[in-house]
Amino acid sequence: MQTIERAGNTLAFHATQGQGPGIVFLGGFKSDMEGTKAIALEVWARQQGRAFLRLDYSGHGQSEGAFTDGSIGNWTEDALAVIRAATTGPQVLVGSSMGGWIALLIARDHPDLVAGLVTIAAAPDFTEDGYWAAFNADQRLQLAEVGHIAVPSDYGDPYIITHRLIEEGRSRLVLRSPLNLPFPVRMMQGTADTAVSTETALRLLDHAEGPDIRLTLVRGADHRFSGDDDLELIRHNVQDVLSRLPS
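Numbering-wise (the UniProt record's numbering), the sequence shown opens with residue 1 and increments by one.
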């Protein structure tokens, strides 16, 4: 494990050297870099002799910081800091769930760092269109007065959603303004995903602008997208993006 310091926190990551453009895996909300998809893709990248980076945002996994202090902006800046410290040249970003939103932010605001993009059940703007849109009047009042609210999770303990997460997220939305993706983009979405809807994937496909953007819908796949066939599809799409880059 390697580390860097940012904003008072030690950020943990694993970087494997190899051929470029490298691959950067960006995990989801409350996930970590030891997940099935990150490890499987790292193994494949090593077999290909391809550089690979996986990381934990602050408040996630092995990185320091409180999860409840975080925001989309904080975690995007964490990812940028690690990418700049541990990679050389434009990278292929692979973003899962919230990591898909973060990858889109990096692609939009720092296109010089991005060679291509792969998303897995991308969750752009989920703080606004998912949590805030679903809160009733009492929940919104509690969020404003108490500063946080507990939301049931399919993955264990309830998620603590903070007022800051919602408010700061409004400055990071990507589906309300032009989103130019001028490089190969491959998106994957499962039809049995209860966290991110197929409609979200179709909205992103319709909204983004670029010469080479494709969406694959997988019947029956859920949000984890970690079955053997799912992992193979991820590898296939990463290879497809790599094959379309200038030599």
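All residues carry an ideal CB built from backbone N, CA and C; glycine is no exception.
- Rounded to whole angstroms, the separation of the alpha carbons of S197 and P124 is 11 Å.
- Short of 7 Å from the beta carbon of G28, and not among the five residues preceding or following it, lie these beta carbons of its own chain, in chain order: S96, S97, M98, G99.
- Annotated three-state conformation of S153 is strand, per DSSP.
- Using a 10 angstroms sphere on the CB of A134, the tally of other CB atoms stays under 16, which defines it as exposed.
- Burial of R54 is indicated by the presence of at least 16 other C-beta atoms within 10 angstroms of its C-beta.
- In the three-state reduction of the DSSP assignment, M188 falls in the strand class.
- Look at P21 here: in three-state DSSP terms it is strand.
- The alpha helix (DSSP H) runs of length 4 or more contained entirely in the UniProt domain "Serine aminopeptidase S33" (46–127) are, from start to end of the chain, 72–86, 98–109.
- In the DSSP annotation of this structure, the continuous segment of the beta strand (DSSP E) that includes N9 starts and ends at 9–16.
- Under the three-pair Cβ rule at 8 Å, the region 100–116 counts as touching the region 231–246.
- Cβ contact annotation for I166 (same chain, cutoff 6 Å, sequence separation greater than five): T127, W132, in chain order.
- Separation of the CB atoms of N180 and G210 is rounded to 7 Å, and the pair is thereby assigned contact status at 8 Å.
- Shown here, N180 sits in a strand according to DSSP, grouped into three states.
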